[in-house]
Each structure stands twice: as structure tokens, then as C-alpha cells.
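What follows is a set of notes on a single structure, which appears directly below.
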């Protein structure tokens with residue numbers, strides 16, 4: 216028998232206070248949390264972990280106002296033409312391509328990069344170099360030229376006396392939380408193409424850059440094209456609490472998170488328990504298997520070109536079959552060393568316990584300079600780790616870092632991949648079609664290839680700027696691919712057209 220609960224507003228918490236979660240567990244309030252909590256603050260309990268997330272009143276109010284404004288802009292956007300949206304993307308791209316308009320953005324990015332480096336933070340994805348700038352401009356122009364439009368007809372079913380059309384419709388306000396990567400800021404504006412509005416929270420490392428993009432490129436483009444200024448909003452807050460407040464807002468139509476695995480998982484839990492659909496783009500790291508039919512030259516190229524830089528689709532683990540491991544281990548090391556040399560550094564190898572006999576003893580004894588976010592350190596060129604550590608995604612700066620394992624068969628390789636990988640990118644290098652088909656059928660990942668792993672990218676592979684790439688670590692997705700793009704952020708409406716009004720059920 217249930218009774219109606221008495222509900223009161225939380226005005227304070229005390230050290231040692233027990234907070235129920237998950238139905239049968241409690242989280243205990245620490246002295247630090249109790250000291251920080253003030254009347255008007257919010258406390259979110261993550262039901263999957265018991266984490267207690269404090270959202271200060273000022274942050275909560277700022278996020279609520281931003282989402283409210285984006286909601287109004289969504290309604291206003293319905294009165295804007297597709298041509299105006301096209302003009303917005305064109306002007307945004309033109310502003311980023313113009314050296315004078317881009318200059319203050321570059322200056323802001325230099326400030327962000329220097330500050331991050333001083334704190335020992337990674338700047339691999341933060342620096343807005345010519346390549347990233349070009350990709351941003353290309354992505355925006357891709358949306359400018361995209362055939363995706365609001366109210367497009369998806370399907371039409373003809374009946375004898377009437378018909379039903381399935382028509383694309385916008386979702387509403389999309390919330391984005393992502394790490395310090397300025398290019399994501401431009402990519403994610405793609406949701407405007409299909410009539411959605413968007414609220415961003417970007418990592419503190421890139422907040423100055425993002426603010427400069429808003430002031431010098433985004434807002435001028437919105438105004439010139441006649442779009443509501445609140446169609447794209449940046450939450451000007453460096454705190455993680457702003458992201459938690461955003462994903463807890465039930466007015467969001469979709470929540471999208473990109474970043475490190477643990478942070479993304481927590482954000483996803485906040486959105487899910489708030490009833491908001493969520494798309495997570497967190498843990499990465501590609502796996503590669505050298506099959507019995509692997510050509511050495513092909514394998515070396517695949518390794519080399521999967522290690523040009525550290526992003527989510529970079530090679531992380533390589534698995535060799537025992538019957539060819541002596542030969543192919545040297546090939547893998549050659550590809551690793553070549554990739555490292557291209558960056559003027561050395562490669563770092565981790566070897567699963569039991570596989571070390573296939574690597575020369577000198578590799579384990581040699582000490583080499585490895586460039587990391589916090590500086591350069593002397594480390595062994597190779598070291599041994601446990602099998603369970605295959606789950607580690609190596610976050611390297613300039614020195615490529617991979618794990619190597621040796622197994623008896625393709626089936627063993629697939630089993631390891633399905634157990635320890637994020638179920639994201641898997642590649643089998645082989646000339647044997649039957650072996651390739653067996654691998655494809657067994658491995659549980661959305662992206663499967665036969666060579667380098669870095670092809671996994673919406674813009675590179677599908678000519679569509681991506682909002683994120685999803686793995687299958689937390690289950691397969693319903694009725695859509697693992698590349699989230701602006702044109703996939705929509706819902707479907709149905710419109711009936713009756714030609715004979717005598718028709719009835």
C-alpha cells in the first residue's frame with residue numbers, strides 16, 4: 216500500500232546525512248558538500264552511482280534562462296525560411312574563413328591553449344590550427360549545401376481514397392556538453408539545418424575560444440540571416456555544474472555529450488533519469504586485428520595511418536594471431552615507430568602479459584622520452600600489463616601509445632574485443648574474405664573496416680558534419696547509425712490527405 220509523500224524544499228544538508236538512491240542504497244553527505252550547499256542550491260543524486268552533484272542557485276538560474284530563451288527561439292524558427300537558414304551557414308563559414316574576422320578567435324584560442332598547457336592539460340584537440348579551421352568552414356558549408364530541409368517527405372502511403380505522408384519535423388531544444396574542442400562548436404550548429412535550436416556547454420579549456428566564435432562569427436551570422444539570436448546559445452560558465460543543470464532540464468528534446476568516458480557516462484545518467492533522450496559520445500579507442508591472411512605491407516600502413524593523432528578513432532589496441540606473431544610484431548612496431556618519427560618523438564608500447572616473448576628484450580629495457588600533456592618524461596619503450604588493462608584508452612599527446620596482445624585465433628580476438636573494447640571501431644587486416652566475413656559477423660561494434668581506423672568520421676566518411684560518434688559499450692542504438700549528424704536530429708509527423716470523404720473505418 217502506497218501513500219502520498221510529503222514534499223519539502225531542500226534548504227540544507229548535513230555531514231553524514233544519508234541520501235537514498237537506486238532503490239536500496241544510500242549516499243552519505245561529506246563535510247565538504249555540506250559546507251558548500253546553500254539555501255536555493257540543487258542536489259542531483261545520480262541513481263546509477265550515488266554521486267551527489269551540487270548545482271549552485273546562480274548556475275541553475277543561468278541555465279534555466281538559457282534553455283527558456285532557446286525554447287522561444289525554437290518557436291520563432293518555424294517562421295524562418297530554409298533560405299535564411301542556408302544564409303546563416305554561409306555567413307558563419309565566411310566569417311571563419313575571413314582572416315580579419317578570425318584573428319580575434321585565433322588570439323582567444325592562443326590564450327586558452329597557453330592556459331591549458333600551463334595547467335598540464337592536453338592541448339591536442341584544443342588548438343584551432345589551420346586544419347581544424349578548414350574543417351569547421353567545410354562543415355558549415357556542407358550544411359549550407361545540404362539537401363536536408365524541414366518538413367521533407369520521408370515516405371507516402373497511398374490508400375484507395377486517402378493517403379498518409381511521413382514528414383520530417385524538428386525536435387526542439389538540443390543540449391550539448393562537450394570537451395574543449397572548438398570544432399565541435401561549429402559542427403553541432405548543424406541541428407539548426409533541420410529547425411532545432413541548441414544550447415552549448417563547452418569545457419573550461421576552450422571557453423574563451425567559444426565565446427570569441429560567438430561574438431565574431433556566430434552572432435553576426437544569425438543577425439544577418441534574420442534568425443533568432445537565441446537559436447544557438449553558449450552557457451558562459453566554466454563549471455561542470457552547468458552541464459549537470461542543462462542535462463537535468465526536462466525541456467530539452469535531446470541531450471548530447473562528448474568528452475571523457477566517466478564524465479560522459481555521468482551526464483548521460485543525469486539526462487536519462489530526467490526523462491531526456493540522450494546520445495553519448497565518450498569512450499573511444501580503436502581495435503585492430505591482424506588476421507592469418509594479413510599482408511605485412513598493408514598492416515604496417517594501417518598501423519601508421521591509424522596513429523597520426525590522438526582522437527577517438529585512433530588505434531589503441533592491436534591483436535596478433537600466434538601463428539604469425541613473430542613476423543607481424545616487427546611489422547606493427549615498424550608502423551608505430553614510423554608514426555612516432557613523423558612527430559619527432561618515440562612510440563610507447565604496452566604488451567599484455569603472456570605476449571611479451573614476441574617483443575625484443577631491448578624494447579622493454581630502453582628508456583625513451585615520451586611527450587605528455589604535463590611535459591616530457593623518460594619511460595620504457597615497452598612494458599607489460601594485465602589483460603584487464605586492454606580496456607584502457609591511452610590519451611597521448613605527441614608520442615603514439617598502443618597495447619599489443621597475441622591470441623590463438625580470430626575467435627579469441629573477437630572475444631577480447633567484445634569483452635574489453637568500448638565496442639566502437641574494429642578493423643581486421645586480412646586478404647582472406649572468409650576470415651573477414653567471420654570477423655564482421657562476430658565483433659560487436661558499429662564501425663568495421665579492413666585497414667586504417669581513422670576513416671570513422673561523419674564528415675570524412677559520409678560527407679556530413681558529425682555531432683558525435685557513438686559506441687556500443689552501453690548497448691546498440693534504436694533505428695539509427697552510430698554517426699549523429701544534424702540531419703538525423705529530427706522526429707516524424709504524419710499528415711493525412713483524404714480525397715473521398717465517404718471513407719470511414
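Residue numbers (the numbering used here): 216 to 720.
Glycine included, every Cβ here is placed at the ideal spot set by N, Cα and C.
{"Item": "Given residue 281, which residues of its chain have a CB within under 7 Å of its CB, disregarding the five upstream and five downstream residues?", "Value": "414, 448, 450"}
{"Item": "Among residues of its own chain, excluding the 5 on either side of residue 438, which ones have a beta-carbon nearer than 7 Å to its beta-carbon?", "Value": "444"}
{"Item": "Which class does residue 270 belong to by DSSP, given the choice of helix, strand or coil?", "Value": "strand"}
{"Item": "In three-state terms, what does DSSP make of residue 684?", "Value": "strand"}
{"Item": "Could you name the residues of the same chain whose beta carbon sits closer than 6 Å to that of residue 602, not counting the 5 residues immediately before and after it, in chain order?", "Value": "567"}
{"Item": "Could you check how far apart the C-beta atoms of residue 231 and residue 244 are, in whole angstroms? I think they sit under 8 Å.", "Value": "6 Å"}
{"Item": "Among all the DSSP beta bridges, which residues are the ones paired with residue 373?", "Value": "378"}
{"Item": "Go to residue 567, then tell me how far its beta strand (DSSP E) extends in each direction, as first and last residue.", "Value": "563–567"}
{"Item": "Please list the terminal residues of the continuous alpha helix (DSSP H) segment that includes residue 435.", "Value": "434–440"}
{"Item": "If you run the structure through DSSP and keep just helix, strand and coil, what is residue 723?", "Value": "Beyond the ends of the chain as shown, which are 216 and 720, falls residue 723; an answer cannot be given."}
{"Item": "Given this structure, state the Cα-to-Cα distance separating residue 250 from residue 223, to the nearest angstrom.", "Value": "21 Å"}
{"Item": "To test your reading of the DSSP string, which unbroken beta strand (DSSP E) runs of 3 or more residues are found completely within the segment 623–699?", "Value": "640–644, 662–664, 681–684"}
{"Item": "What does residue 503 pair with, by DSSP beta-bridge criteria?", "Value": "533, 642"}
{"Item": "Per DSSP, which one or two residues make a beta bridge with residue 590?", "Value": "587"}
{"Item": "What did DSSP end up calling residue 616 once you bin it into helix, strand or coil?", "Value": "strand"}
{"Item": "Mapping DSSP to helix, strand and coil, what is residue 391?", "Value": "strand"}
{"Item": "Hey, how far is the Cα of residue 595 from the Cα of residue 387?", "Value": "52 Å"}
{"Item": "Should the segment 517–532 be called in touch with the segment 483–494, which here means at least 3 C-beta pairs below 8 Å?", "Value": "no"}
{"Item": "As a quick exercise: from 248, 526, 642, 508, pick the residue whose alpha carbon is nearest that of residue 538.", "Value": "508"}
{"Item": "Indicate the three-state DSSP secondary structure (helix, strand or coil) for residue 478 in the structure shown.", "Value": "helix"}
{"Item": "Buried or exposed, going by whether 16 or more other CB atoms sit within 10 Å of the CB of residue 585?", "Value": "buried"}
{"Item": "Assuming residue 407 contacts residue 300 (C-beta within less than 8 Å), just tell me the rounded distance between them.", "Value": "6 Å"}
{"Item": "Between 436, 500, 353, which lies nearest to residue 678 when the distance is taken from Cα to Cα?", "Value": "353"}
{"Item": "Could you tell me the alpha carbon to alpha carbon distance between residue 460 and residue 565, rounded to whole angstroms?", "Value": "39 Å"}
{"Item": "What separation, rounded to the nearest whole angstrom, lies between the Cα atoms of residue 569 and residue 588?", "Value": "31 Å"}
{"Item": "If contact is defined by three or more beta carbon pairs under 8 Å, each pair taking one atom from either stretch, is the segment 479–491 in contact with the segment 306–326?", "Value": "no"}
{"Item": "In angstroms, rounded to a whole number, what distance separates the CA positions of residue 292 and residue 396?", "Value": "27 Å"}
{"Item": "Just tell me which of 261, 501, 503 has its CA closest to the CA of residue 238.", "Value": "261"}
{"Item": "Do the CB positions of residue 578 and residue 555 come within less than 7 Å of each other?", "Value": "no"}
{"Item": "Just to confirm, is the Cβ distance from residue 469 to residue 389 under 7 Å?", "Value": "yes"}
{"Item": "Is it true that the CB of residue 331 sits closer than 7 Å to the CB of residue 402?", "Value": "no"}
{"Item": "Per DSSP, residue 573 forms a beta bridge with which residues?", "Value": "DSSP, once it has assigned bridges, lists no residue as partnering residue 573."}
{"Item": "Taking the alpha helix (DSSP H) that residue 461 falls in, what are its first and last residues?", "Value": "455–462"}
{"Item": "Near residue 562, which residues of its chain fall below 6 Å by C-beta distance, leaving aside the five closest residues on each side in sequence?", "Value": "551, 552, 555, 615"}
{"Item": "Any idea what DSSP makes of residue 509, helix, strand or coil?", "Value": "coil"}
{"Item": "Quick check on DSSP: helix, strand or coil for residue 228?", "Value": "coil"}
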